Amino acid sequence: MNEKVKRFVEGFLIDTFQRDLISWFEKEQRDLPWRKDTDPYKIWVSEVMLQQTRVETVIPYFHHFMEQFPTLEALADADEEKVLKAWEGLGYYSRIRNLHAAVKEVKERYGGKVPNRVEEFSKLKGVGPYTTGAVLSIAYGIPEPAVDGNVMRVLSRIFLVWDDITKAGTRKLFEGIVREIIDEENPSYFNQALMELGALICIPRNPACLLCPVQAHCRAFHEGVQGELPVKTKKTNVREMPIVAAVVQNECGKVLIHKRDSEGLLANLWEFPNCEVVHSRENPKTQLEIFLKEEYGVTVQLEQPFAALEHVFSHLIWNIVVYYGKIVSDIVETERLKLVDEHEISEYAFPVSHQRIWHEYKEKGTGG
DNA sequence: AATCCGTGGCC
DNA sequence: TGGCCAAGGAT
Numbered sequence: 001m002n003e004k005v006k007r008f009v010e011g012f013l014i015d016t017f018q019r020d021l022i023s024w025f026e027k028e029q030r031d032l033p034w035r036k037d038t039d040p041y042k043i044w045v046s047e048v049m050l051q052q053t054r055v056e057t058v059i060p061y062f063h064h065f066m067e068q069f070p071t072l073e074a075l076a077d078a079d080e081e082k083v084l085k086a087w088e089g090l091g092y093y094s095r096i097r098n099l100h101a102a103v104k105e106v107k108e109r110y111g112g113k114v115p116n117r118v119e120e121f122s123k124l125k126g127v128g129p130y131t132t133g134a135v136l137s138i139a140y141g142i143p144e145p146a147v148d149g150n151v152m153r154v155l156s157r158i159f160l161v162w163d164d165i166t167k168a169g170t171r172k173l174f175e176g177i178v179r180e181i182i183d184e185e186n187p188s189y190f191n192q193a194l195m196e197l198g199a200l201i202c203i204p205r206n207p208a209c210l211l212c213p214v215q216a217h218c219r220a221f222h223e224g225v226q227g228e229l230p231v232k233t234k235k236t237n238v239r240e241m242p243i244v245a246a247v248v249q250n251e252c253g254k255v256l257i258h259k260r261d262s263e264g265l266l267a268n269l270w271e272f273p274n275c276e277v278v279h280s281r282e283n284p285k286t287q288l289e290i291f292l293k294e295e296y297g298v299t300v301q302l303e304q305p306f307a308a309l310e311h312v313f314s315h316l317i318w319n320i321v322v323y324y325g326k327i328v329s330d331i332v333e334t335e336r337l338k339l340v341d342e343h344e345i346s347e348y349a350f351p352v353s354h355q356r357i358w359h360e361y362k363e364k365g366t367g368g
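First residue of the first sequence? That's 1 in full-length UniProt numbering, and the numbers climb one at a time after it.
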């Protein structure tokens with residue numbers, strides 16, 4: 001065992017801790033839709049949805065997703081547009097592209113059975129160390145650490161770990177600790193219980209230590225420093241980007257939409273035509289008209305703006321001004337540039353800001 | 001190692 | 001109101 005891990009675990013009452021933690025989980029765990037059974041496919045989908053995403057947000061998506069794609073094969077065979085549409089609004093869209101590719105891989109290479117070995121499962125797209133441990137322990141009872149933000153917070157307090165959890169190497173330290181204290185008989189409940197404790201009791205601010213089932217094991221509580229842990233140094237620096245967009249219709253009332261690039265921000269989602277505004281140049285309206293002519297070969301006539309909105313990402317802010325517009329020229333439709341009827345808009349997956357654009361547009365009328 | 005990649009809720 | 005936060009992974 002790693003020397004550093006050994007120092008943290010020394011003198012820790014592993015058996016008692018496991019009992020206190022798991023018996024609490026058996027009594028207090030929430031009734032969640034992905035806890036009905038241990039179907040590896042369902043566990044996997046839930047874990048991908050839960051990456052950086054709250055339980056309350058995931059629940060309705062999970063229900064809908066399982067109705068549409070009840071089995072791994074159903075998802076593997078599903079149309080890409082429908083899969084993306086089922087993810088609309090969940091964020092981090094590369095997750096679903098990777099999951100779809102990974103599920104196809106499982107169907108082809110493993111006969112549709114989710115592999116139960118670390119070396120195989122962890123190689124699948126979108127599957128990192130956390131997801132590997134979570135799926136293999138919960139679905140197959142394999143004693144692998146599943147170290148997420150909850151677990152790092154809980155363990156940093158219990159073992160008084162002052163290492164910065166925003167550093168890449170710190171997760172490995174916690175994996176080492178978990179390997180020493182995990183319940184080999186019930187790794188599923190052990191891992192879930194650590195996360196559940198982090199979600200219900202050992203929360204970031206004002207943890208409910210007086211209700212904590214493992215209070216007696218917690219070194220931070222013993223020293224009264226639980227509020228100072230975990231240590232996170234990194235601060236978010238967001239930049240702002242002005243965007244000019246337009247809802248453009250032709251004389252038949254069809255709406256111009258564009259599919260974003262397959263990589264990067266909001267990959268493969270649809271959007272209303274837009275571009276970044278460059279300062280010290282023509283006005284935004286003219287910039288977008290030029291952009292659409294040069295990039296899409298479409299001549300449009302933009303009129304007045306009807307909405308201004310903000311789209312806040314984790315690392316970026318779009319300040320969007322939206323214009324009414326009409327198509328002047330002919331248009332060559334492609335895979336990524338389409339004219340669609342208004343009632344077809346709902347079949348395409350848009351980022352939230354563009355959903356709002358459409359909502360505003362319908363509310364204020366198609367005037368121009 | 002440092003950045004990029006969504007969204008909504010909270011205090 | 002705005003910064004922080006949430007069951008991470010890819011590059």
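No residue lacks a Cβ here, since even glycine has one placed at the ideal position from N, Cα and C. Treat the numbers as computed from the prediction; the structure is a model and nothing was measured.
Are the CB atoms of residue i and residue j nearer to each other than 7 Å?
| i | j | result |
| --- | --- | --- |
| residue 8 | residue 177 | yes |
| residue 250 | residue 327 | yes |
| residue 283 | residue 245 | no |
| residue 226 | residue 157 | yes |
| residue 300 | residue 248 | yes |
| residue 135 | residue 44 | yes |
| residue 133 | residue 145 | yes |
| residue 191 | residue 262 | no |
| residue 214 | residue 20 | yes |
| residue 102 | residue 124 | yes |
| residue 307 | residue 342 | no |
| residue 221 | residue 202 | no |
| residue 90 | residue 48 | no |
| residue 333 | residue 319 | no |
| residue 170 | residue 232 | no |
| residue 298 | residue 242 | no |
| residue 29 | residue 196 | yes |
| residue 285 | residue 266 | no |
| residue 160 | residue 97 | no |
| residue 143 | residue 181 | no |
| residue 354 | residue 238 | no |
Between the C-alpha atoms of residue i and residue j, what's the straight-line distance to the nearest angstrom?
| i | j | result |
| --- | --- | --- |
| residue 368 | residue 325 | Low confidence applies to residue 368: its pLDDT is 44, below 50, so where it sits in the model is not reliable, and the reading given next is rough at best. Spanning the two alpha carbons is a distance of roughly 7 Å. |
| residue 118 | residue 184 | 16 Å |
| residue 364 | residue 253 | 16 Å |
| residue 340 | residue 269 | 15 Å |
| residue 66 | residue 228 | 40 Å |
| residue 14 | residue 26 | 18 Å |
| residue 57 | residue 92 | 13 Å |
| residue 94 | residue 264 | 8 Å |
| residue 174 | residue 272 | 45 Å |
| residue 128 | residue 151 | 16 Å |
| residue 147 | residue 130 | 5 Å |
| residue 168 | residue 5 | 16 Å |
| residue 200 | residue 23 | 15 Å |
| residue 293 | residue 194 | 55 Å |
For residue i, count neighbouring Cβ atoms within 10 angstroms of its own Cβ and tell me buried if that reaches 16, exposed if not.
| i | result |
| --- | --- |
| residue 11 | exposed |
| residue 111 | exposed |
| residue 154 | buried |
| residue 188 | buried |
| residue 85 | buried |
| residue 204 | exposed |
| residue 224 | exposed |
| residue 369 | Past the boundaries of the shown model lies residue 369; the chain is included only from 1 to 368, so the question cannot be answered. |
| residue 206 | exposed |
| residue 198 | buried |
| residue 54 | exposed |
| residue 230 | buried |
| residue 70 | exposed |
| residue 74 | exposed |
| residue 397 | Nothing about residue 397 can be reported from this structure: the residues present for the chain run from 1 to 368 only. |
| residue 83 | buried |
| residue 288 | buried |
| residue 349 | buried |
| residue 279 | exposed |
Quick one: what's got a C-beta closer than 7 Å to residue i's C-beta in the same chain, skipping five residues either side?
| i | result |
| --- | --- |
| residue 33 | 59, 62, 63 |
| residue 179 | 145 |
| residue 356 | 309 |
| residue 331 | 298, 339 |
Grab me the residues of residue i's own chain with a C-beta within less than 8 Å of its C-beta, minus the 5 sequence neighbours each way, in chain order.
| i | result |
| --- | --- |
| residue 114 | 40, 41, 44, 72, 106, 121, 135, 139 |
| residue 345 | 255, 257, 358 |
Leaving aside the five residues before and after residue i along the sequence, list all residues of the same chain whose C-beta is less than 6 Å from its C-beta, in chain order.
| i | result |
| --- | --- |
| residue 337 | 258, 296 |
| residue 236 | none |
| residue 104 | 76 |
| residue 351 | 266, 269 |
Should residue i be counted as a contact of the ligand NAP given a C-beta to heavy atom distance under 6 Å?
| i | result |
| --- | --- |
| residue 359 | The ligand NAP is not part of the structure shown, which contains no ligands of any sort. |
If you scan the stretch 71-118 from start to end, which runs of the beta strand (DSSP E) of 3 or more residues do you find wholly inside it? none
### Query
Can you list the beta strand (DSSP E) stretches of 3 or more residues lying completely in the stretch 221-285, in chain order?
239-249, 255-259, 274-276
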